[in-house]
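Be aware that the sequence shown starts at 5, since it is given in the numbering used here, and climbs by one per residue.
C-beta: ideal position from N, C-alpha, C; glycine also.
Have a look at the structure below, then the notes.
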Amino acid sequence: MPAYITTPIYYVNDRPHIGHAYTTTVCDVWARAMRLRGEDVFFLTGTDEHGVKVEKSAATKGVTPQALADENAAEFQRVLKVFGLTNDDFIRTTEPRHEKQVQYFVKRLLDAGSVYLGTFEGWYDEGQEEYYTETRAKELDYKSPISGRPLTRATEQNYYFKLSSFQKRLEDFFAANPDFVQPAARRNEVLGRLRDGLQDVPVTRTNFTWGIPFPGDEKHVIYVWIDALFNYITALGLGEPGGLLATQRAKYWPAAYHVIGKEILWFHAVIWPALLMALELPMPRRIHAHSFWIADGQKMSKSMGNFVDLPTIEGYFAKYGLDAWRWYMATQGPLQASDSDFRAQHFHETYTSELVNVVGNCPSRVTAMISKYFEGKMPADSQAGGEWPAKCAAAVAQWSAAIDELDLVGAAQAAMSLLREVDAFIHRTEPFKLAKDPARTGELCSILAQCAETVRIAGVMLEPFLPEKMAELRIALGQGDAPAATMAERTTWGRIAAGTQLVKCALFPRVEV
Ligand code: MSP
């Protein structure tokens with residue numbers, strides 16, 4: 005089954021920081037998990053390069069917008085490599101492949117009567133490049149919810165998208181697809197705003213030039229948000245000649261799982277679906293709007309200078325390793341409705357209590373005992389796994405159901421519980437005592453073989469989170485480093501043949517504060 009996961013495309017007037025790294029890492033864990041399961045995955049990220057913000061930043065720096073975009077897009081791409089992220093494509097909105105398809109889609113909207121030329125007056129948030137309705141502006145006390153700066157009253161002659169005419173269809177769509185927006189708190193916000201009624205939205209601007217020209221009326225440029233949203237389908241080539249059916253990537257639409265931050269939910273949950281409706285294209289599968297990382301209890305902001313930036317992140321890589329960073333992002337991050345506080349102390353505690361004490365320690369104990377009592381050779385298990393094959397199968401099923409829901413905490417938990425059970429099993433059965441009694445060697449063999457096999461299966465489930473360390477674990481368990489088999493095969497009980505040479509492993513060293 006084709007699966008498609010996307011991050012927002014990031015503005016190039018900014019340097020990569022924890023926010024970008026977070027969303028992209030979440031998507032990467034999911035993409036790896038889906039690939040592990042044998043799904044045909046397409047994972048997209050990229051950069052959003054047009055608009056007045058980029059034009060202004062470039063002017064301040066005394067470079068052309070394109071030069072600024074080239075420099076920062078290259079930086080985002082470099083960072084993806086440093087983080088070991090496995091995106092299948094990287095789309096830039098200044099690429100000709102994107103620009104010409106956006107023009108094609110906008111022209112289709114115009115021809116269909118969904119876009120028209122009109123005059124508009126409204127409350128405008130300059131920083132966000134977003135208009136608000138009177139009701140919404142009042143709620144916000146006429147201040148930007150992001151920057152806190154006053155909203156301005158703006159009038160423009162522009163091309164508009166008839167968003168208002170999609171009110172009923174959107175309401176029906178939300179009613180029929182209760183899971184479309186996740187988490188539920190975010191969906192309720194969207195429904196609340198939808199009840200206020202929809203107004204038409206501008207799709208062009210004339211107050212600056214750094215954008216895609218409007219087809220047929222080139223003094224207008226296409227509004228950056230409309231331009232940007234289309235990336236999700238231009239990357240698949242849906243607006244190429246021949247369209248939906250012709251391109252190789254067309255199979256990934258509408259399998260899309262759009263992962264975004266909560267501040268850009270309205271565009272994704274309302275405007276994007278309406279644009280697709282107007283184009284008679286199918287709806288994406290889901291919009292998942294996560295919350296925010298804050299720092300030491302405070303909102304991260306550029307003006308406060310407390311953004312966890314790239315040098316800070318690289319400091320964590322150096323101290324704890326890349327996998328530890330991924331683990332913290334995936335299991336402690338703001339994936340659901342509440343914000344997460346990034347604290348060095350909490351990072352350290354999570355590393356120690358989960359990675360050192362469980363994911364590192366359990367395999368280390370098991371391989372150490374097998375080394376000590378059986379010269380590292382996998383013992384034979386006369387009990388055929390006892391209760392463990394069923395436990396592992398249940399954990400894999402739990403992992404898989406969690407992955408379906410982008411519940412990374414639940415998926416990690418499924419593997420962690422198995423490892424904790426193995427620890428408890430060792431504690432209960434005391435193999436180190438059995439080892440002293442030659443009459444009980446058979447029992448000892450079974451216990452350690454069952455532990456090793458369960459650790460192996462938990463390791464498979466942890467691969468999307470901890471790809472480097474789990475590759476080490478595979479080698480320690482005599483499983484080679486390039487597994488070609490599917491998840492189903494690899495989580496089948498009994499793949500470590502008796503007699504296989506295992507190696508003692510220490511995956512996560514203790515780190516001093
Ligand atoms: N270019 C638009 C998105 C267009 S998508 C069609 C944009 N870009 S952005 O560079 O500002 O990136 C916003 C995204 O970065 C958020 O939606 C979120 O994914 C991520 N984050 C930025 N700051 C964040 C936190 N403090 N915490 C978590 N993620 C945040 O908006």
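Taking residue 415 as reference, the option from 79, 118, 454 and 399 with the minimal CA-CA separation is 399. DSSP lists 161 as the bridge partner or partners of residue 123. In this structure, the straight-line span from the alpha carbon of residue 495 to that of residue 301 is close to 41 Å. When the Cα atoms are used, residue 405 and residue 191 turn out to be separated by approximately 21 Å.
Assignment of residue 508 by DSSP, reduced to helix, strand and coil, places it in the coil class.
Residue 469 counts as buried, since no fewer than 16 other beta carbons sit within 10 angstroms of its beta carbon. For residue 338, the number of other beta carbons within 10 angstroms of its own is at least 16, and it is reported as buried. Of all C-beta pairs linking the region 380-388 to the region 436-453, three or more are shorter than 8 Å, placing the two stretches in contact. DSSP places residue 263 outside any alpha helix (DSSP H); the residue lies instead in the beta strand (DSSP E), whose first and last residues are 260-265. Nearest to residue 483 by alpha-carbon distance, out of 504, 492 and 497, is 504. The beta strand (DSSP E) runs of length 3 or more contained entirely in the region 281-347 are, from start to end of the chain, 290-294, 297-299 and 344-346. Taking all protein chains shown into account, residue 36 has 16 or more neighbouring C-beta atoms within 10 Å of its C-beta and is therefore buried. Counting along the chain, residue 68 sits inside no alpha helix (DSSP H), nor does DSSP assign it H or E at all. Taking a cut-off of 8 Å for Cβ pairs, the region 48-64 and the region 183-201 do not touch, as fewer than three such pairs fall below it.
Contact between residue 88 and residue 326 holds: CB atoms are separated by about 6 Å, below the 8 Å threshold. With contacts defined as CB atoms closer than 8 Å, residue 509 and residue 475 fail to qualify as a contacting pair. At a threshold of 7 Å, residue 233 counts as near the ligand MSP, since its beta carbon sits closer than that to one of the ligand's heavy atoms. The secondary-structure analysis by DSSP pairs residue 197 with nothing; it has no beta-bridge partner.
The straight-line gap separating the alpha-carbon atoms of residue 15 and residue 458 is approximately 44 Å. Under the 8 Å Cβ criterion, the region 211-220 does not count as touching the region 139-152, having fewer than three qualifying pairs. Taking every protein chain shown into account, the CB of residue 162 has 16 or more other CB atoms within 10 angstroms, so this residue is buried. In its chain, beyond the 5 residues on either side, 185, 262, 272 and 273 have a beta carbon closer than 6 Å to the beta carbon of residue 291.
Rounded to whole angstroms, residue 288 and residue 167 show a C-alpha spacing of 18 Å. By the Cβ rule, the region 40-54 does not count as touching the region 115-129, because fewer than three pairs are nearer than 8 Å.
Residue 215 and residue 231 do touch by the CB rule: their CB atoms are close to 6 Å apart, below 8 Å. Taking a 10 Å sphere around the C-beta of residue 309, we find fewer than 16 other C-beta atoms and assign the residue as exposed.
Just so you know, the alpha carbons of residue 204 and residue 123 end up roughly 11 Å apart. Closest option to residue 418, judged by alpha-carbon separation, among 158, 461, 206 and 491: 461. A Cβ-Cβ distance of about 5 Å is found for the pair residue 96 and residue 77, placing them in contact under the 8 Å criterion. Collapsing the DSSP output to three states places residue 42 in coil. With respect to residue 381, residue 515 sits apart: the two C-beta atoms are not nearer than 8 Å. Here residue 250 is exposed, its C-beta having fewer than 16 other C-beta atoms within 10 Å.
Nearest to residue 489 by alpha-carbon distance, out of 137, 360, 464 and 472, is 464. Listed in chain order, the non-local C-beta contacts of residue 321 below 7 Å within the same chain comprise 329, local neighbours out to five positions each way being set aside.
Between the ligand MSP and residue 69, a heavy atom-to-CB distance of less than 7 Å is absent. Taken in chain order, the unbroken stretches of alpha helix (DSSP H) that lie wholly in the region 205-245 and span 4 residues or more are 228-233 and 235-238.
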